[in-house]
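**Q**
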Amino acid sequence: NSRNNNNNNNNPKRTHPLFALDPSLPSTATSYNVRPILTYPPDAPARYLERYRKAVDDLTVPPGIAAFVPEPVAAVAGAEYYGWMPPKANAVHGGGDSVLVVDVGGTCTTISLVSSSSSGKENGKPTKEILYSATLPSLGGDTFIDLLVGHLIQSFYGTDPYHQHDEDDTAATAPTSSSPPSSKPALPHDPQALPRLYESSTAAVHELTRKSRTQINVPYLTVDWQTRQPRHLDEGVARHVVESEVDRFVSRRLVPYYSGLSDAASYSILSNAMPPPKDLTTLLSSAVLSALERTSRTPSSLRGMLLVGGGARIPMVRRAMKTTVEFLTGGDGMLIAPEGEMAEGMGC
463 NSRNNNNNNN NPKRTHPLFA LDPSLPSTAT SYNVRPILTY PPDAPARYLE RYRKAVDDLT
523 VPPGIAAFVP EPVAAVAGAE YYGWMPPKAN AVHGGGDSVL VVDVGGTCTT ISLVSSSSSG
583 KENGKPTKEI LYSATLPSLG GDTFIDLLVG HLIQSFYGTD PYHQHDEDDT AATAPTSSSP
643 PSSKPALPHD PQALPRLYES STAAVHELTR KSRTQINVPY LTVDWQTRQP RHLDEGVARH
703 VVESEVDRFV SRRLVPYYSG LSDAASYSIL SNAMPPPKDL TTLLSSAVLS ALERTSRTPS
763 SLRGMLLVGG GARIPMVRRA MKTTVEFLTG GDGMLIAPEG EMAEGMGC
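FYI, the working numbering numbers position 179 of the sequence shown as 641, with every residue one higher than the one before it.
1. At the level of alpha carbons, what is the spacing between Ala-774 and His-651?
2. How would you call Pro-548, buried or exposed, if buried means at least 16 neighbouring beta carbons within 10 angstroms?
3. For Tyr-720, collect the residues of the same chain with a Cβ closer than 6 Å to its Cβ; drop the 5 residues on either side in sequence, then sort them by chain order.
4. Nearest-angstrom Cα distance between Val-576 and Pro-532?
5. Where DSSP assigns a beta bridge to Val-685, which residues make up the other side?
6. Can you give me the Cβ contacts of Met-796 inside the same chain, cut-off strictly under 7 Å, excluding the 5 residues immediately before and after it?
7. What separation, rounded to the nearest whole angstrom, lies between the Cα atoms of Arg-781 and Arg-690?
8. May I have the straight-line CA-CA distance separating Thr-638 from Pro-692, to the nearest angstrom?
9. DSSP three-state label for Tyr-660, please.
10. Tell me which residue opens and which closes the alpha helix (DSSP H) that Met-783 is part of.
11. What residue range does the beta strand (DSSP E) around Ser-560 cover?
12. Shortest alpha-carbon distance to Ser-617 belongs to which of Val-685, Glu-697 and Tyr-682?
13. Is Leu-659 near the ligand ADP, with its Cβ less than 7 Å from a heavy atom?
14. With respect to the alpha helix (DSSP H) encompassing Arg-765, which residues constitute its N-terminal and C-terminal limits?
15. Quick check: Val-680 and His-694, are their CB atoms within less than 8 Å of each other?
16. Got a sec? Which residues, its chain only, sit under 8 Å from Met-736 by beta carbon, not counting five neighbours each side?
17. What's the gap between the Cα of Trp-546 and the Cα of Val-538?
18. Are the CB atoms of Val-703 and Pro-739 nearer to each other than 8 Å?
19. Return the Cβ separation of Arg-701 and Arg-675 in integer angstroms, given the expectation that the two are a contact with Cβ distance under 8 Å.
20. For the alpha helix (DSSP H) holding Leu-614, just list the boundary residues, first then last.
21. Count the other C-beta atoms from every protein chain shown that fall within 10 angstroms of the C-beta of Thr-589, then say buried if there are 16 or more, exposed otherwise.
22. Only counting the same chain, and skipping five residues up and downstream in sequence, which positions put a Cβ closer than 6 Å to that of Glu-801?
23. Using only the alpha-carbon positions, how far apart do Pro-718 and Trp-687 sit?
24. Just confirm the distance between the C-beta atoms of Val-779 and Val-566, as a whole number of angstroms; I'd bet it's less than 8 Å.
25. Tell me which residues share the same chain as Leu-790 and place their Cβ nearer than 6 Å to its Cβ, disregarding the 5 neighbours each side in the sequence.
26. List the DSSP bridge partners of Gly-698.
27. By a C-beta neighbour count over all protein chains shown, 10 Å radius and 16 as the cutoff for buried, is Val-685 buried or exposed?
28. Using a Cβ-Cβ cut-off of 7 Å (strictly less than) and excluding sequence neighbours within five positions of Val-611, which residues of its own chain qualify?
29. Counting C-beta neighbours from all protein chains within 10 Å, is the total for Ala-665 16 or more, i.e. buried, or is it exposed?
30. If I measure Cβ to Cβ from Leu-656 and keep anything under 6 Å in the same chain, skipping five residues before and after, which residues do I get?
31. What are the residues that DSSP puts in a beta bridge with Ala-596?
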């Protein structure tokens with residue numbers, strides 16, 4: 463995604479490699495060196511296809527035409543443009559190079575393997591193909607906020623905000639279930655307080671990306687019905703408290719659900735070569751290793767591992783990916799974790 467959303471019809475020429483053609487469609491983007499695979503209807507009239515090709519080649523925006531590029535492809539193209547990618551290595555498979563893209567969005571994390579196809583050049587520019595893509599639902603930046611809200615409800619009200627979820631664990635993690643486990647807490651007896659808790663928790667999670675501890679203050683959160691006096695929330699929260707909640711959610715709810723999906727499907731989201739994950743780090747390691755296994759790749763055949771998305775700013779996520787890269791390659795030099803635009807916009 464790009465911050466340049468100015469659709470000026472008098473100046474259709476764009477210099478940024480990733481530009482939005484329509485502000486209402488955040489996924490619409492194109493690039494001077496990327497040609498998406500089958501991104502237009504196969505029965506589209508030839509005149510539209512010709513205008514589409516010209517738009518990609520010339521970086522122009524014909525009226526009414528939008529070129530769609532998958533987000534993992536756009537992420538790799540943007541990283542190449544800004545010079546974040548390491549030099550191209552000698553490829554092991556088919557003369558191309560592959561990049562593993564880990565997109566930590568709001569409500570899910572998507573792991574994709576993008577490969578440059580040397581046999582699919584158009585106008586001397588190699589195309590990029592998505593060889594593999596798997597989504598880990600209920601694992602994103604919003605998960606950290608949900609679990610912090612649940613922690614505050616537990617400490618302030620003394621009630622378990624996930625009691626109903628725990629009762630439904632068996633059904634939620636069954637291989638035939640299509641509903642992923644929810645990290646959202648419940649507060650049925652005081653629903654008006656929940657939006658205020660979310661507002662404060664969102665600000666706290668953002669602050670914890672820079673600090674190891676933060677203070678949450680919510681005055682007049684509720685009323686004590688016995689004393690008829692207002693109650694105020696004033697609690698300090700350390701980063702490791704939120705991280706412990708995330709690891710507990712991963713081990714108790716996400717891992718059984720992902721394992722159930724793997725048993726019911728013809729492919730495995732998690733690697734069969736690793737034991738069941740017990741925390742966020744081992745979960746990402748298992749999911750990344752599964753992507754390599756499914757595509758017959760090895761860590762040495764990768765050009766890099768690109769970490770993007772709004773959730774990529776969270777220190778726990780960055781540490782988990784750094785540990786994953788070290789586990790697979792013996793060092794962290796292959797990890798590309800940019801700040802700014804690339805880390806902001808590619809979410810679920």
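Even glycine gets a Cβ: it sits at the ideal position worked out from N, Cα and C.
**A** Considering the structure as presented:
1. Roughly 34 Å between the two C-alpha positions.
2. exposed
3. Ile-731 and Leu-732
4. Taking the straight line joining both Cα atoms gives about 10 Å.
5. Pro-692
6. For Met-796, where only same-chain residues beyond five positions count, the Cβ hits under 7 Å are Leu-764, Gly-766, Met-767 and Val-787.
7. CA-to-CA, the gap between Arg-781 and Arg-690 works out to about 46 Å.
8. The predicted model places Thr-638 with a pLDDT of 40, which falls under 50 and marks its position as unreliable; any figure quoted below should be read in that light. Taking the straight line joining both Cα atoms gives about 46 Å.
9. helix
10. 777–791
11. 560–566
12. Glu-697
13. With respect to the ligand ADP, the structure shown offers nothing to examine, as it has no ligands at all.
14. Looking at the DSSP string, Arg-765 is not in any alpha helix (DSSP H); the run it does join, the beta strand (DSSP E), is 764–770.
15. yes
16. Setting aside the 5 residues that flank it on each side, Met-736 is surrounded in the same chain by Thr-744, Ser-747, Ser-748 and Leu-751, each with a C-beta closer than 8 Å to its C-beta; the list follows chain order.
17. 9 Å
18. In this structure, Pro-739 does not lie closer than 8 Å to Val-703 by Cβ.
19. 7 Å
20. 603–619
21. buried
22. none
23. 40 Å
24. 6 Å
25. Pro-761
26. Gln-677
27. With fewer than 16 other Cβ atoms within 10 Å, it is exposed.
28. Pro-647, Leu-659, Tyr-660 and Ser-663
29. In summary, Ala-665 is exposed, with fewer than 16 beta-carbon neighbours lying within 10 Å of its beta-carbon over all protein chains present.
30. In the same chain as Leu-656, and ignoring 5 residues on each side of it, the C-beta atoms closer than 6 Å to its own belong to Leu-649, in chain order.
31. Ile-573
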